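A.B. asks: Provided herewith is a single structure, encoded as structure tokens, for subsequent inquiry.
Protein chains: 2
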Amino acid sequence: MPDAIPAVRSQRLGKDILDEVPAYDLIELFFFAYRDFVSDPDRILDEYGFGRAHHRVLHFVDRQPGLTIAELLDILRITKQSLNRVLKELIEKDFVESRMGTADRRQRLLYVTAQGHDLALKLAKLQTRRIMQALADLEPEGKALISGYLLRLIDPDDRDHVERLVFGAGET
Amino acid sequence: MPDAIPAVRSQRLGKDILDEVPAYDLIELFFFAYRDFVSDPDRILDEYGFGRAHHRVLHFVDRQPGLTIAELLDILRITKQSLNRVLKELIEKDFVESRMGTADRRQRLLYVTAQGHDLALKLAKLQTRRIMQALADLEPEGKALISGYLLRLIDPDDRDHVERLVFGAGET
DNA sequence: TGAGATATGTCAACAAGGCTGACTTAAAAA
DNA sequence: TTTTTAAGTCAGCCTTGTTGACATATCTCA
């Protein structure tokens, strides 16, 4: 009885497994990997008196010059009060600048300064080293494979938005 | 001149790229993916008056019954004061229990209660659903491939430790 | 056995980075 | 002209991390 119709049985298992057997290994690896991934920049940020919140803002403004406050809030999913606290510091220390919108003068368009760009790049390179070295022998398809997986981890509703943001950042 | 020795040129590029061209796509995808990954449990944790810090503690105690405080601190890399705050709440609300060590009576061995195990499992399954569905057609090698990649993202010094923790959690 | 090391617990104070709610101002849109 | 929208600000709160100091029980080693 237990070894009857093995093909069907393993097919059912393949489906049930989604709900029945937790993927503890991936859950934990994701936790540890992300921790090391974000901790790389910490040392450098410290030297400037910045934290991870500043890093996130600097990163996205560097990547998308002219970003508005509303767009940035949408990306970070924090409140404007939280954003304002770190953004104010980035502006005061001259890493980011805020210009009045041209089409809509209520908007503030955000740009990194030269100094801001240098820091953003430095931090991105640091994270890139880890990310690329981990690809190891997965090349040449590895990168597409990993980015595809990460994209599918994102909520389906946001996936298109993120995809545009990540892969189409150069466009207008 | 530009199209001379293309093989060598692309080989050099392949190496230089590690330091020169930031992998913005992977950096950002990792950020968004991790955010959605950890946000799944939030709603449920809220119902119990717990946060992410409680989740992490509950998870690792569930996975490794009999864990000591020192071992848990080593996994989470937080101070004992921070740990104690959330651990105390988990114990008070009867999700975790602390027993005196047998070999060394200074130690406290941590165990989840039935209630604690149920919650840990519920949260793990929630995260497993996302993680496994994202594997999609990467099967059957997908899981090993992703876990290999995540493992290589971890600091080389900790890699063995994490590997034992993640893959050898059933053993004594 | 006694001294020192170790595992844990606790108190107090502080910081980063989230949050809510209320209110203002300037500019755009209806 | 009225209403809506984009942004800024004030005040206060929460969670989760930190440091520093100190207490207690237990183990280990000379």
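Line by line, the protein sequences give chains A and B.
Counting from 1, one number per residue, gives the positions in the first sequence under the UniProt record's numbering.
Counting from 1, one number per residue, gives the positions in the second sequence under the UniProt record's numbering.
Ideal Cβ placement from N, Cα and C applies to all residues, glycine included.
Predicted model only: the values in this text are computed from it and were never measured.
Is the CB of residue 175 of chain B under 9 angstroms away from at least one CB in chain A?
C.D. replies: Any question about residue 175 of chain B goes unanswered here, given that chain B covers just 1 to 172.
A.B. asks: Report the neighbours of A134 of chain A on chain B: residues whose CB is nearer than 7 angstroms to its CB, in chain order.
C.D. replies: Counting from one through the first sequence, the residue named residue 134 of chain A turns up at place 134. Neighbours of A134 of chain A on chain B, chain order: Y149, R152 and L153.
A.B. asks: A33 of chain A touches chain B at which residues, Cβ-Cβ below 7 angstroms?
C.D. replies: The count along the first sequence starts at 1 and reaches residue 33 of chain A at position 33. Residues of chain B passing the Cβ test: L150, L153 and I154.
A.B. asks: Where do the N-terminal and C-terminal ends of the beta strand (DSSP E) with V61 of chain A fall, by residue?
C.D. replies: Taking the first residue of the first sequence as position 1, residue 61 of chain A is located at position 61. From DSSP, V61 of chain A is part of no beta strand (DSSP E) but of the alpha helix (DSSP H) over R52 to R63.
A.B. asks: Just verifying my parser: in three-state terms, what is the DSSP assignment at V166 of chain A?
C.D. replies: Here residue 166 of chain A is taken as the residue at index 166 of the first sequence, counted from 1. DSSP places V166 of chain A in helix when its eight states are reduced to three.
A.B. asks: Which residues of the stretch 33-49 of chain B have a Cβ closer than 8 angstroms to any Cβ of chain A? Give them in chain order.
C.D. replies: Answer in chain order: A33, Y34, R35, D36 and F37.
A.B. asks: Have a look at L145 of chain A and F60 of chain A and give me their C-alpha separation to the nearest angstrom.
C.D. replies: Numbered from its first residue, the first sequence carries residue 145 of chain A at position 145. Numbered from its first residue, the first sequence carries residue 60 of chain A at position 60. Roughly 24 angstroms between the two C-alpha positions.
A.B. asks: Out of curiosity, what's the CA-to-CA distance linking R106 of chain A and I69 of chain A?
C.D. replies: The sequence position of residue 106 of chain A within the first sequence is 106, counting from 1. The sequence position of residue 69 of chain A within the first sequence is 69, counting from 1. For R106 of chain A and I69 of chain A, the distance between alpha carbons rounds to 11 angstroms.
A.B. asks: Just checking: is the beta-carbon of D74 of chain B within a distance shorter than 9 angstroms of some beta-carbon in chain A?
C.D. replies: To locate residue 74 of chain B, count along the second sequence from 1; it is residue 74. No, because no Cβ of chain A sits closer than 9 angstroms to the Cβ of D74 of chain B.
A.B. asks: So which of B:I27, B:R129 and B:V96 has the shortest CA-CA distance to R56 of chain B?
C.D. replies: Along the second sequence, one-based indexing puts residue 56 of chain B at 56. Among B:I27, B:R129 and B:V96, the Cα nearest to that of R56 of chain B belongs to B:V96.
A.B. asks: When Cβ atoms are compared, which residues of the stretch 104-130 of chain B fall closer than 8 angstroms to chain A?
C.D. replies: Taking 8 angstroms as the Cβ-Cβ cut-off against chain A, the residues of the stretch 104-130 of chain B that qualify are L121, A124, K125, Q127, T128, R129 and R130.
A.B. asks: Find the nearest neighbour of R108 of chain A within the set A:I91, A:Q115, A:D157 and A:H117, judged by alpha-carbon distance.
C.D. replies: Looking up residue 108 of chain A in the first sequence gives position 108. If we check each option's Cα against that of R108 of chain A, A:I91 comes out closest.
A.B. asks: Under the three-state reduction of DSSP, which class applies to L67 of chain A: helix, strand or coil?
C.D. replies: Your numbering for residue 67 of chain A matches position 67 in the first sequence. DSSP places L67 of chain A in strand when its eight states are reduced to three.
A.B. asks: Nearest chain B C-beta to I146 of chain A closer than 9 angstroms, yes or no?
C.D. replies: What you label residue 146 of chain A is simply residue 146 of the first sequence in a count that begins at 1. Cβ-Cβ to chain B under 9 angstroms: yes for I146 of chain A.
A.B. asks: Using the C-alpha atoms, what's the distance from R99 of chain B back to E139 of chain B?
C.D. replies: Within the second sequence, residue 139 of chain B is the residue found at index 139, counting from 1. Within the second sequence, residue 99 of chain B is the residue found at index 99, counting from 1. E139 of chain B and R99 of chain B: Cα-Cα distance of roughly 42 angstroms.
A.B. asks: Out of A:R52, A:L67 and A:T128, state which residue places its alpha-carbon closest to the alpha-carbon of R85 of chain A.
C.D. replies: Residue 85 of chain A sits at position 85 when you count from the first residue of the first sequence. If we check each option's Cα against that of R85 of chain A, A:R52 comes out closest.
A.B. asks: Exposed or buried, E28 of chain B, counting other C-beta atoms within 10 Å across all chains shown (16 or more means buried)?
C.D. replies: The count along the second sequence starts at 1 and reaches residue 28 of chain B at position 28. Buried is the call here.
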